[in-house]
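Just below is one structure, and these are the notes that go with it.
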Amino acid sequence: MRDQEPGPGHPERRLSTKEAAELLGVKPETVYAYVSRGQLSSRRVPGGRGSTFDAQEVEALARRNRRENGGTPQPAAELAVRTRITLIEKDRYYFRGVDATALAARHSYEEIAEWLWTGRLRPGVAFTAPETSVAVARRAVEALPEHTGPTDRLRVAAIAAAAADPLRFDLSEDAVLGTARTLIPTLVASLPPQRRSHRDAGPLAHRLWARLSGRPADEAYLRTLDTALGLLVDHDLAASTLAVRVAASARAHAYAAVSAGLGVIEGPLHGAASGLAHRLLLEVLDHGDAAPVIADELRAGRRIPGLGHRLYPAEDPRARALFALLEEIPHAAPALAAARDIVATTARHAPLHANVDLALAVLTVSSGMSSTAGETIFAVARTAGWIAHALEEYGERPLRMRPSGHYVGPRPPQPLPEPFEPPA
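First residue of the sequence shown? That's 3 in this note's numbering, and the numbers climb one at a time after it.
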């Protein structure tokens, strides 16, 4: 007796490309775009040229599309990536389901990084770098021009450390975790110290402080810096994190994935935003009043840095946590008052709350750091999150992070172009 095709609702029922396209309300080529994005899986027809699709998986995607698009299929919807790392919800955010601000208040940056990577908390864990890795990274960074920015230094350090690691292509979880635990302290150690008397020992925040400020650090400032690192470890699929996942999807090693993140974080709308807030804060302190400074910014057509966040209608929880710590530091009081003046002045016309960039600016201004210090803090902190996302992506189907382009150029066939001759 001939086998029958499983009926509707059968767990093994398979659909042809045409059937899947009809169910999803899209063109057949869009079905394969869903496959390339990792939203559907396919199976080749034995002895044939087509593919089949799991009916339950297609039906689930159709329901999700209808829910997200108000019942109208939209194949060009934003790429969604399943992740177990960070959830942002109702003006709060969580690392593996645990309130991130509570974690940062009670645990060190290294402990939070371990939690993000493994789901296990390791009290007292400290990251150390091999001397050979540090020496190679330092030599590479020292060869750069004096005016080189911090993200460029970190990127060069990451490349140099990769070149010194013959095992970098091992993408097993244990190997990647080993890379993570040595790469982050290597990045910090590669930065030039601001004081002659410094020690490359103790918690990572202590070592980083010596690279950011020429002032001796007291316990309150060190605690604030360590908390800032913990708060900034990850923030879901930010632009730099998406770049890291794309690199990891192509099976780039961990150093290369981090380099991809560093390439994106330098943008003024991402990691470099705290530098803009730093300079704004200095201007307000110099004038003694935020109003004329804000007026000049608006007159020039510039947005006010350090305010508002698309994911938080109310105050950024990271800013709230840092402001609470900065309030306990007497030396931070003037910068903190200037930040509040900025928020109050702009609130007369736009209900924007402080974000983490403004809080970082209060930390960097009040501790005598440069305007690029916040960018450095951001990049070092986020490296741990990038590693977590790379690890997660290594467990997914390779090259799934490939959205389809929507070509809008001239239709072929077009004639061969004529040679261009510049005017005499």
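A virtual CB, placed ideally from N, CA and C, is assigned to each residue, including glycine.
Please go through the same chain and pick out, in chain order, the residues whose beta-carbon is closer than 6 Å to the beta-carbon of residue i, but skip the five residues on each side of it.
i	result
ALA426	none
ALA106	THR229, GLY232 and LEU233
GLY370	SER215 and ARG217
ARG170	ALA164, HIS255 and TYR257
GLN76	Low local confidence applies: a pLDDT of 45 at GLN76 is under 50, so the model's placement there is unreliable, with the coordinate-based value given in what follows. Within the same chain, GLN76 has no close Cβ partners at all.
ALA78	Residue placement at ALA78 is flagged as unreliable, the pLDDT there being 41, under the threshold of 50; a coordinate-derived value is accordingly withheld.
ARG66	none
ARG16	THR54
ARG342	none
ILE186	PHE129 and THR385
ILE90	ASP238 and LEU313
TYR36	LEU42
ALA383	LEU231, LEU234 and VAL235
ALA293	THR347
I believe residue i touches residue j by the beta-carbon criterion, under 8 Å. Please report the beta-carbon distance rounded to the nearest angstrom.
i	j	result
THR188	ALA131	4 Å
GLY121	ARG155	Actually they do not touch by this definition, with Cβ atoms about 32 Å apart.
THR243	HIS391	5 Å
ALA252	GLY263	Wrong, their Cβ atoms sit about 14 Å apart, outside the cutoff.
ILE389	ALA256	6 Å
GLU24	SER43	No, GLU24 and SER43 are not in contact; Cβ-Cβ is about 19 Å, not under 8 Å.
LEU393	VAL178	6 Å
ALA335	PRO152	Not quite, the Cβ-Cβ distance comes to about 27 Å (not below 8 Å), so this is no contact.
LEU324	THR226	7 Å
LEU26	ALA62	Contact flag wrong, Cβ pair sits at about 11 Å.
ARG157	GLY265	7 Å
ALA166	THR134	6 Å
Tell me which residue opens and which closes the alpha helix (DSSP H) that residue i is part of.
i	result
PHE55	From DSSP, PHE55 is part of no alpha helix (DSSP H) but of the beta strand (DSSP E) over 53 to 56.
PHE325	319 to 328
LEU185	175 to 192
TYR396	375 to 396
TYR111	111 to 120
LEU210	206 to 214
THR130	From DSSP, THR130 is part of no alpha helix (DSSP H); its letter is neither H nor E.
ILE331	That residue, ILE331, is in no alpha helix (DSSP H); it is neither H nor E in DSSP.
VAL364	358 to 368
THR347	335 to 349
ASP228	221 to 233
VAL288	The sequence shown places Asp at residue 288, not Val. Unbroken alpha helix (DSSP H) run through ASP288: 275 to 289.
THR153	152 to 165
ILE296	292 to 301
GLY265	256 to 267
ALA250	241 to 251
Which residue comes first and which comes last in the beta strand (DSSP E) that contains residue i?
i	result
THR88	88 to 91
ARG16	16 to 18
TYR96	94 to 97
ARG45	44 to 46
Could you check whether residue j and residue i sit closer than 8 Å to each other, using their CB atoms as the reference points?
i	j	result
ALA235	ILE114	Checking the displayed sequence, the identity of residue 235 turns out to be Val instead of Ala. Cβ distance < 8 Å, so VAL235 and ILE114 count as in contact.
ARG45	PRO319	no
GLN196	ALA212	yes
ALA102	VAL136	no
VAL100	ARG247	no
LEU309	THR348	yes
VAL286	ALA340	yes
GLU317	HIS355	yes
ALA207	TYR111	yes
ILE344	ILE296	yes
ALA250	GLU420	no
GLY40	GLU398	yes
Counting only beta-carbon separations shorter than 8 Å, does residue i have a partner in chain D?
i	result
ALA22	Among the chains in the structure shown there is no chain D, since it carries only a single protein chain.
Please work out which residues of its chain come closer than 7 Å, Cβ to Cβ, to residue i, disregarding the five sequence neighbours upstream and downstream, and give them in chain order.
i	result
HIS280	ALA363, THR366, VAL367, SER373 and GLY376
GLU329	LEU338
ALA274	GLU268 and GLU377
THR19	PRO30, VAL33, GLY52 and SER53
ARG124	GLU113 and GLU116
LEU239	VAL83
LEU284	VAL367
ARG304	none
HIS289	VAL295
PRO307	ALA275, LEU278, ALA279, LEU282 and ASP359
ALA241	VAL266 and HIS272
PRO270	LEU278
GLY387	LEU118, VAL235, ASP236 and THR243
VAL127	GLU112, GLU113 and GLU116
Using a threshold of 7 Å, is the CB atom of residue i nearer than that to any non-hydrogen atom of the ligand SAH?
i	result
GLY263	Of the ligands one can find in the structure shown there are none, so the ligand SAH has no counterpart to examine.
Is the segment 133 to 147 touching the segment 157 to 168 in the sense that three or more CB pairs, one from each, lie closer than 8 Å? Output reads yes: the segment 133 to 147 touches the segment 157 to 168.
Would you say the segment 266 to 280 touches the segment 348 to 360, given that touching needs at least three Cβ pairs under 8 Å? The segment 266 to 280, when compared against the segment 348 to 360, does touch it at the 8 Å Cβ threshold.
Does the segment 402 to 411 come close enough to the segment 169 to 180 that 3 or more CB-CB pairs lie under 8 Å? Taking 8 Å as the limit for Cβ pairs, the verdict is that the segment 402 to 411 does not touch the segment 169 to 180.
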